[in-house]
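Undergrad: Numbering (this note's numbering), first residue to last: 236 to 878.
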RNA sequence: GCCACUUUAGCUCAGUUGGUAGAGCAGCUCAUUCGUAAUGAGCAGGUCGCGGGUUCGAGUCCCGCAAUUGGCUCCA
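#1: Go through its chain and collect everything with a Cβ distance to residue 667's Cβ below 8 angstroms, but skip five positions before and after it.
#2: When the Cα of residue 656 is compared with those of 409, 678, 481, which residue comes out closest?
#3: Helix, strand or coil for residue 280? Go by DSSP, reduced to three states.
#4: If we require 4 or more residues per run, which alpha helix (DSSP H) segments fall completely within the stretch 531-598?
#5: What are the partner residues of residue 694, as DSSP defines its beta bridges?
#6: In the structure shown, what three-state DSSP assignment does residue 363 receive?
#7: In whole angstroms, what separates the C-alpha of residue 819 from that of residue 828?
#8: Ignore the nearest five residues each way along the sequence and tell me which others in residue 248's own chain have a CB closer than 8 angstroms to its CB.
#9: Applying the 10 Å Cβ sphere with the 16-neighbour rule, what's the burial state of residue 722?
#10: Between the C-alpha atoms of residue 553 and residue 524, what's the straight-line distance to the nearest angstrom?
#11: Just to check, is the beta-carbon of residue 275 closer than 8 angstroms to a non-hydrogen atom of the ligand NAP?
#12: Using a 10 Å radius around the Cβ and a threshold of 16 neighbouring Cβ atoms, would you call residue 759 buried or exposed?
#13: DSSP three-state label for residue 255, please.
#14: Put residue 663 into one of helix, strand or coil per three-state DSSP.
#15: In the DSSP assignment, find the beta strand (DSSP E) that holds residue 799 and state where it starts and stops.
#16: Which residues in the same chain have their Cβ closer than 7 angstroms to the Cβ of residue 361, if we skip the five residues on either side of it in sequence?
#17: Leaving out five residues on either side along the sequence, give the residues of the same chain with a beta carbon under 8 angstroms from the beta carbon of residue 241.
#18: Buried or exposed: where does residue 645 fall if 16 or more other Cβ atoms within 10 Å of its Cβ makes it buried?
#19: To the nearest angstrom, report how far apart residue 454 and residue 799 are at their CA atoms.
#20: What does the Cβ neighbour count give for residue 457, buried or exposed, with the cut at 16 atoms within 10 Å?
#21: According to DSSP, what are the bridge partners of residue 623?
#22: Please determine, among 838, 797, 790, 808, the residue with the shortest C-alpha to C-alpha distance to residue 815.
#23: DSSP three-state call for residue 402: helix, strand or coil?
#24: Can you grab the Cα-Cα spacing for the pair residue 836 / residue 785, in whole Å?
#25: Compare the beta carbon distance of residue 354 and residue 377 with 9 angstroms and say whether it is the shorter of the two.
#26: Residue 593 and residue 653 - do their beta-carbons sit closer together than 9 angstroms?
#27: With residue 388 and residue 326 assumed to form a contact (beta carbons below 8 angstroms), what rounded beta-carbon distance in angstroms separates them?
#28: Cα separation between residue 849 and residue 431?
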């Protein structure tokens with residue numbers, strides 16, 4: 236007996252052996268069109284593959300990740316077939332899913348114009364309804380087959396496989412090595428959009444040759460493609476680079492340099508507001524603010540170990556008129572903070588010391604890596620270092636997690652994920668510090684997260700070179716994940732800087748250090764905030780909270796009076812003094828995303844009132860200026876209440 | 001850094017097979033002084049990313065460089 240779980244989670248039984256296609260066909264014709272593959276005892280199989288009795292079977296449709304993967308995998312083969320039609324002899328790498336992707340070898344470089352051509356060919360091939368047929372051959376046969384094609388990429392893959400049978404798939408004139416699973420035939424693929432071309436290192440290794448990768452998406456229905464394209468358009472509208480330009484928040488200048496952001500007045504206002512907010516939270520949690528220079532003696536970074544990583548092949552050290560003297564633009568704030576710690580001897584009663592700084596750091600990122608505000612060469616970390624006794628570590632770590640959540644709550648970030656990044660045990664030379672300390676640090680993070688009930692994923696090999704960390708990620712408008720907040724445990728720097736405190740036993744002990752930046756960096760945080768809110772920031776953050784719109788120039792004086800009053804009440808207000816009709820002023824200021832539009836004319840000037848309009852919501856009626864001020868201050872207070 | 005695309009007025013973009021540049025918006029001036037999403041008219045604005053080359057002639061073709069964008073690798 237075969238037990239079958241339908242897409243709606245109902246369960247049926249079926250006599251075997253039989254294949255997935257026959258099962259769905261017998262259930263209903265409409266279902267037969269929707270099921271793309273089957274999961275047999277947890278393994279995804281082709282529909283046509285015979286299933287033995289005593290199996291549990293799940294039917295995979297487009298709605299399931301297994302079904303989608305099958306669909307896109309076959310799409311990748313279809314694309315390969317189309318590419319081979321135009322470029323015979325093309326060697327294909329692997330076609331990972333998520334979106335469909337393919338590699339081409341060097342020398343066979345495609346251009347955007349090819350994409351349309353290939354897309355058309357794919358549709359044509361799909362309509363031929365070619366069956367996608369699995370067959371199994373021995374490893375020796377497979378090696379022979381791809382040696383004949385002189386396909387080094389595939390030979391490399393095959394030689395790494397275990398002996399035994401190897402599956403290959405054929406559709407139309409195209410045959411390729413593949414584990415599967417695949418759709419029964421190409422007809423399922425109804426809508427195709429090849430989106431972009433990119434270079435990609437073979438097997439993701441920089442040392443290997445660069446192949447061409449084609450990105451695209453396919454769908455079982457034309458309408459789904461249309462919806463997808465609309466979604467992409469919408470996402471583009473939220474892009475922080477576009478909104479940053481529109482709202483005059485930040486800019487770049489070729490003359491200043493790549494990856495060096497210029498914060499415009501409104502962007503600066505926004506950033507200062509965020510900094511002020513975090514400072515207040517940190518004060519409550521016992522942090523003290525410090526300030527340190529943007530450069531430091533190279534020796535400092537040799538002590539810390541940062542010179543090896545950041546000094547040598549990034550921004551070159553700055554030389555001075557004095558022979559042998561050189562300074563480094565600081566890539567991190569920690570060494571400076573360690574030196575502050577050392578200024579005066581510490582007692583166990585002094586700990587924890589929590590030292591915070593909005594510290595601007597410089598890192599020479601590779602040019603191709605730069606991206607808007609999310610990846611730049613000069614950025615300001617909302618940095619702090621906590622120096623504590625080992626027995627305080629876990630507690631301090633948990634308090635930092637609390638701060639991260641205060642921030643996420645204040646900005647209603649609810650789509651975060653948390654990742655514990657540990658060292659890669661197989662690459663000990665990538666990290667500095669003793670194994671014992673690494674283990675202690677990793678344990679502290681894991682336990683703190685457990686005790687906080689935090690849902691996390693754990694990644695090996697993602698740790699910083701000096702210690703393990705807990706990272707918080709947020710997705711941007713286009714679904715790309717960015718790392719924001721980070722909390723790192725470090726036994727290593729205290730060792731290198733020989734940090735000490737005197738314990739109650741009158742002995743010298745080594746403190747533990749926590750590096751933490753809940754925003755990550757001001758640049759990246761603002762970028763993600765822009766995409767998260769589409770530029771409609773919470774009122775407390777908005778650079779211009781209200782704009783006064785005089786009906787005509789006759790009321791500019793009164794408008795000024797209103798704006799002065801509001802500014803004196805700590806409400807950031809400007810006046811739109813242009814000689815334009817009121818409809819025009821409303822439109823322009825709505826588009827600028829100003830939260831409150833205050834219209835003043837004859838009525839308002841006489842009664843000392845303003846006519847209030849909330850962005851996106853329309854007319855809210857008239858009120859006294861002082862009433863409005865109270866109303867706004869209350870709204871801001873509420874947004875920040877409980878924080 | 002590597003692969004591919006792109007780069008024309010402050011912004012968004014046109015510019016045919018090579019014959020020395022256009023629009024809308026923004027800006028400025030004038031008129032208008034207006035009641036809840038675009039008042040009208042006029043003016044000005046460009047080393048066509050930068051540097052070479054081919055040509056009688058290059059925004060357009062070729063080469064180099066730079067920056068942007070999408071990826072790879074790397075990372076806050």
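Built from N, CA and C at the ideal position, the CB exists for glycine as well.
TA: To lay it out plainly:
#1: 540, 700, 701, 727
#2: 678
#3: strand
#4: 533-539, 569-577
#5: 656
#6: coil
#7: 14 angstroms
#8: 236, 237, 238, 239
#9: buried
#10: 28 angstroms
#11: In terms of ligand content, the structure shown is empty, and the ligand NAP therefore cannot be addressed.
#12: buried
#13: helix
#14: helix
#15: Premise fails: residue 799 lies in the alpha helix (DSSP H), 791-803, not in any beta strand (DSSP E).
#16: 313, 421, 422, 424
#17: 247, 262, 266, 294
#18: buried
#19: 57 angstroms
#20: exposed
#21: 747
#22: 790
#23: strand
#24: 6 angstroms
#25: no
#26: no
#27: 5 angstroms
#28: 41 angstroms
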